[in-house]
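Trainee: Taken in order, the sequence shown gives residues 43 to 1222; the numbers are from this note's numbering. Every residue, glycine too, gets a C-beta built ideally from N, C-alpha and C. Predicted model, so just to flag it, every value in this text is computed and none were measured.
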Amino acid sequence: MALSVVGGSFLSSFLNVLFDRMATREFVDLIKGRRVTDAQLNKLKAKMLAINGVLEDAEEKQITNSAVRDWLDQLKDALYEADDLLDEIAYKAFRLKMEAGSRTFGDQMRNFLASRNPFKKGMEEKLDEILDRLENLVKEKVALCLREGSGEKPSSTKVPSTSLVDESGVYGRDDDKEAMINLLLSDDANGNDLGVIPIVGMGGVGKTTLAQLVYNDIRVQEWFDVKAWVCVSEEFDVFKITRDVLMEVTSLSCDNKTSNQLQLELKERLKGKRFLLVLDDVWNDKYTDWEILQRPFKHGAQGSKIVITTRIDGVASIMQTVPPLHLKGLTDNDCWSLFAKIVFDDGNSSTYTDLEVIGRGIVSKCKGLPLAAKALGGLLRSKRDVEEWEKISKSCLWNSSNDDILPALRLSYHYLPSHLKRCFAYCAIFPKDHEFEKEELVHLWMAEGFLVHYATDKEMEEVGDEYFNDLVSRSFFQRSSGHHSYFIMHDLINDLAKYVSGEFCVRLDGDDSCKITKRTRHLSYVGTEYDSGMLFDGIYEAQFLRTFILMEWSCIDNEVMHDLLLKFKHLRVLSLSQYRSVTALPESIGYLKHLRYLNLSTASIKRLPEIVSTLYNLQTLILHECIYLAVLPDSIGNLKYLRFLDLSGTLIRRLPESLSGLNNLQTLILCRCKGLVELPTNMAGLINLRRLDIRGTKLQEMPPLMSELKNLHILTNFIVRRQGGGSNIKELGRLQRLREKLCIWNLENIGDAEDALEANLKGKKHLKELELRWNSDTDNSALERGVLEQLQPHANVEFLAIVGYGGGGFPDWVGDSSFSNIVSLKLSGCKYCVSLPPVGQLASLKDLSITEFGGIEVVAPEFYGNCTSMENPFRSLKLLKFERMPKWHKWIPYMHEDERRAFPVLQELYIRECPALTTALPSHLPSLTTLEIEGCLQLVASLPRAPAIIKMKLKDDFRDLLIKKLPSELHSLILDRFYSSDSILDLIGSFFSTLEEIEIRNYDSLKCFPLDLFPRLKSLRITRCPSLESLSMYKTPHENFTSLSSLEIRECPNLASFLKGRLPAPNLARILLLGFSNVESFPEKMLLPSSLISLKIWDFHNLKFLNYNGLQHLTYLRDLEICNCPKLQSLPEEGLPSSLSSLSIFLCPLLEQRCQKEQGEDWAKISHIPHVKVNFHKIN
């Protein structure tokens, strides 16, 4: 059984939710006047209150007392049952109200309360059972010596930090240390006498150690007159901190002094002196406390500094005067050095090479946390046996409750507020490295009843947003590096969630140690495509399951779905996202009376059964990309508690009129509903709607009275009607709460510019993104200019796009320097404009895109803005695009005594499909790193002087482009569609020494690529060069290509000779070969270097044999992919390299049968490979 650590405050929060539920009007009305039920509920409340008093004591004792831990588990289980019963009663009350029909609700209630009503009888029996369980738990609390307390957090036993540090045990912090010292030794950049520098990071990452390093540096000691170090920890006591600082400064006792005396004396001690104060481990984010504490510090000399270490961004934000240093984890090598220092007496593992191999694998699991590396080092310090190390390497060490592994993380959890503990523990359902969105998780929390909002005027979504942000600021969640809108939990944080949730929250992802019990309430499963219904037999033990989430695609049919719904009638969350095999939602869905969250994204359903409309508790319904779904039931309006409805990517053409009765609906997503032609006429009934997304639909107008949706925050599109019905642009004027993004379409339908003024865009100060779009030509250029004049937004707008505008020029507000917040500007399809707006003085502009300006012939000086300004034009611009401008032939440079003032920080320049452009690109772009020019066939200008450029793409032959002026630091070069020369040397001259990546496409005349001349080349990609015959200037390459690590050659038929002999690239890791149709046997002996990790062979149409002699020495080969080799008869008799971990075979019909699992003739040759895929189907 997995250990669970059920915090007392966790359960206290649970109890508060139950008390709130019992106080709701529907609940009180239902049981009012029934003495038996009323008495039972009063008893239930009394028992829960009696238990609530001892929860904090139990939370402390359960860490060392397994009996208390089991008592808390039993209590949590009983409270779940009580919550289910109360929820069932509330559901029944609401259902009676909805189904009253011609009879009054009172008649329904009298029938329900009749003594023979089976539901009422069953309810009372369940209450009795729960009361008995709670009674026993109340008795047991006495036997366990659990004491009632104040509910305050017990004091921490954490050892306070000091300023001393053993520098010999610190690795990988040199750069961070120097950055901190530079900040400490500099005057404050903002002119403040006192600089506050926060170090922010998750527990165990080394914040305190870094502070100790800089505190003890000789340069810091000599710079500051006074230094003090105070460990604050979780209790931010202004009196205590002030006293401790004064004691550090004076080395005298400060007892028997008042707070005022302490602050006055500290002020005098610091006056006129440059001091350094370190406040270590700060948790408090109350500005008032900080403001009081810092009063004496303001009297120090200029250059005084305070360093704080904290896990919480919110703490940093109220204290900082400079941006915080977000401390990252160590590299694997630095982690290994730290680990080895502890394990081996002198840190030298050279005499234990076997242990080093295993140890590095263990250290990689530390994910950069010095804390974990130290704990593991201590664990293995006395062990020198390989088997012992391997045992630890393969154990579930990271999922254990070992206090040496997770003390800092457990402390972080222990001091979470009670409402956050439930939310965080629930995240144990996420597999490691799972990326999730904020909105997704908030909806799950909402469905589980974790969002306490009764005592506030905030919506549940707002409360959930605050909870989420709080967990982010405490480093429990981190932004994904791959997708900015997604978040992820560090592996150790994920382990912590699993640790604290125990058997109540289980994920099945191949871990056999996960056991499902009757207490399991939340379950996720990471599936495979070969799953079957039998897989789910083991989970039926969890008969009171509340959450069931299938994380990845697997095989689940309609029958299995029906069985699941019958078994799990207490579900609040059901997510079958990505399960296209689900073609129909069974009627048994109606049994899920507790259901709040239903996600059927990408399912193949064509309709929702009517019974879905009886799921009265449903809050979130997600039907995203259900591409066969064309209709919703007319009774959808019965889902009165529905708050979020996502129909994006469905075939829905019209929405039922009853939808407008969903007066709790907050979000309606209809984007990419390509058949949607109209919205309900009474949309104004959605009085709480905050977000409406209608991008990518066929809507031609908005429904009437859109201005009644006064709570609307996000309206992705507003479609201006033609004359007649619908909403005109004036309706926007009354939508005062619009924020984030708005796109106004069909502006050509405005007949009077004064109507546009009534949209009041200038008054919408929370609007950040605005797109103004004309979708067809008009013959009234003056009217369109007038309309654009009146659509001036508020100066807070950050992203502005003007598309399809038909005026001859732009109104004055476009480019006015008062729009200092604009970061991105897109001007597109303004084909009648003959000049560009003066946008050069937009102070924050970083991204400028100008496309499809058919009338522009010259980019004139006006483009740079007011030339009398002392500010550099385009002073913040980092990306500039000119595309599809057929008449543009001249770019006039900035007219100033120093042309170089323009574009000082421009990093990326793209000029595409401008066929008339001939001369005068900017002459000097000092920050340019990326340049792409394509479709500019007349260009004869020199390329800009760009000393920082590292990447360049040139596409299409140029008449006389002077490429040889390129700087020597170019790293990446792409050449596409060149015909005029048979040698690449004629194009790029002699700058070879720094190039690391080259890609050449469609270079018809190229015969030789002199790989010999590129000593630092790491990646080479050559595609469709039909004349290419050699990769060397010589018949036999004179040198080894030691830097080359990746090689791709596609459709170069005359390069077949390359496949014979030996490829002298000793560090080549990846190779892809495509289109060598004449080759019958591959590879030749010793052709491929032994360093190869990945080999892909595509479109070898005549390949019959894989040559084992050319594969046997590839001892590092992990991935082999063979695609479209229709004549390949079999795999080598000797088999494939044993190092392979992945084999993929596509479109090789003669191999398909031979590789069938267990039965194919070649199966024995590949059965050892962990991942085998044939024609996109995994077979191993």
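For proline 459, is the classification buried or exposed, using 16 other Cβ atoms within 10 angstroms of its Cβ as the cut-off for buried?
Mentor: exposed
Trainee: Do three or more CB pairs link the region 328-345 to the region 380-387 at distances below 8 Å?
Mentor: no
Trainee: Could you check whether the region 249-263 touches the region 295-309, counting it as contact only if at least three pairs of C-beta atoms, one from each stretch, sit closer than 8 Å?
Mentor: no
Trainee: Quick check on alanine 185: buried or exposed, where buried means 16 or more other Cβ atoms within 10 Å of its Cβ?
Mentor: Per the 10 Å Cβ criterion, exposed.
Trainee: Within the continuous alpha helix (DSSP H) that includes proline 40, where are the two ends?
Mentor: Any question about residue 40 goes unanswered here, given that the chain covers just 43 to 1222.
Trainee: Note down, one range per segment and in chain order, each beta strand (DSSP E) of at least 3 residues found wholly within the region 298-383.
Mentor: Taking only runs of at least 3 residues, the beta strand (DSSP E) segments lying wholly in the region 298-383 are 317-324 and 346-352.
Trainee: Bridge partners of serine 566, per DSSP?
Mentor: Arg549 and Ile591
Trainee: Using 10 angstroms around the beta-carbon of aspartate 174, count the other beta-carbons present and answer buried if the total reaches 16, otherwise exposed.
Mentor: exposed
Trainee: Taking the alpha helix (DSSP H) that tyrosine 528 falls in, what are its first and last residues?
Mentor: Looking at the DSSP string, tyrosine 528 is not in any alpha helix (DSSP H); the run it does join, the beta strand (DSSP E), is 528-530.
Trainee: How do the region 357-370 and the region 302-312 stand: do at least 3 beta-carbon pairs fall below 8 Å, yes or no?
Mentor: no
Trainee: CB-CB under 8 Å to threonine 373, same chain, minus the five flanking residues each way: which ones, in chain order?
Mentor: Gly214 and Gly410
Trainee: Work out the CA separation of leucine 884 and isoleucine 1211 for me, nearest whole Å.
Mentor: 59 Å
Trainee: Please work out which residues of its chain come closer than 6 Å, Cβ to Cβ, to aspartate 551, disregarding the five sequence neighbours upstream and downstream, and give them in chain order.
Mentor: Pro473 and Val568
Trainee: Does the region 733-751 come close enough to the region 793-807 that 3 or more CB-CB pairs lie under 8 Å?
Mentor: no
Trainee: Keeping to the same chain, check which residues put their C-beta closer than 6 Å to that of leucine 319; ignore five residues upstream and five downstream.
Mentor: So the list reads Ala270 and Ile348, once near-sequence residues are dropped.
Trainee: Note down, in chain order, each residue of its chain lying with its Cβ closer than 8 Å to the Cβ of serine 823, except the 5 sequence neighbours on either side.
Mentor: Gly848, Gly849, Gly850 and Tyr874
Trainee: Quick one: is leucine 1115 near chain B, going by C-beta distance under 8 Å?
Mentor: No chain B is present in this structure, which holds just one protein chain.
Trainee: May I have the straight-line CA-CA distance separating threonine 292 from arginine 285, to the nearest angstrom?
Mentor: 10 Å
Trainee: Glutamine 1171 and lysine 1146 look like a contact to me (Cβ under 8 Å); what is the Cβ gap, rounded to whole Å?
Mentor: 6 Å
Trainee: Going straight from the alpha carbon of proline 968 to that of leucine 367, what length do you get?
Mentor: 28 Å
Trainee: Determine which residues share a DSSP beta bridge with tyrosine 952 and list them.
Mentor: Lys923 and Glu974
Trainee: If you follow the alpha helix (DSSP H) that glutamate 1090 is in, where does it begin and where does it stop?
Mentor: Unbroken run through glutamate 1090 is the beta strand (DSSP E), 1088-1092; no alpha helix (DSSP H).
Trainee: Where does aspartate 688 fall in DSSP's three states?
Mentor: In the structure shown, aspartate 688 sits in a strand (DSSP, three-state: E or B).
Trainee: Distance, Cα to Cα, asparagine 788 vs leucine 747?
Mentor: Linking asparagine 788 to leucine 747 through their CA atoms gives a straight-line distance of about 18 Å.
Trainee: Pick out whichever of Leu833, Arg987 and Glu826 has its Cα sitting closest to the Cα of glycine 775.
Mentor: Closest by alpha carbon: Leu833.
Trainee: Would phenylalanine 861 be called buried (16 or more neighbouring beta carbons within 10 Å of its own) or exposed?
Mentor: Around the beta carbon of phenylalanine 861, 16 or more other beta carbons lie within 10 angstroms, which makes this residue buried.
Trainee: Any idea what DSSP makes of tryptophan 1205, helix, strand or coil?
Mentor: helix
Trainee: Reducing DSSP to helix, strand and coil, say where isoleucine 1064 ends up.
Mentor: strand
Trainee: How far does the beta strand (DSSP E) with tryptophan 271 in it extend, from its first residue to its last?
Mentor: 268-275
Trainee: Where does the unbroken alpha helix (DSSP H) through glycine 506 begin, and where does it stop?
Mentor: 502-515
Trainee: Need the endpoints of the beta strand (DSSP E) that leucine 1116 sits in, please.
Mentor: 1112-1116
Trainee: Quick test of your reading: leucine 996 and isoleucine 1026, contact by CB under 8 Å. State the CB separation rounded to the nearest angstrom.
Mentor: Contact doesn't hold; Cβ gap of about 12 Å is too wide.
Trainee: Please determine if the region 1121-1135 and the region 1150-1158 are in contact, where contact requires at least 3 C-beta pairs separated by less than 8 Å.
Mentor: yes
Trainee: Would you give the residue range spanned by the beta strand (DSSP E) that glycine 237 belongs to?
Mentor: 236-242
Trainee: Got a sec? Which residues, its chain only, sit under 6 Å from glutamine 1198 by beta carbon, not counting five neighbours each side?
Mentor: none
Trainee: Measuring CA to CA, which of Leu642, Glu1071 and Asp605 is closest to glutamine 620?
Mentor: Here the closest residue by C-alpha is Leu642.
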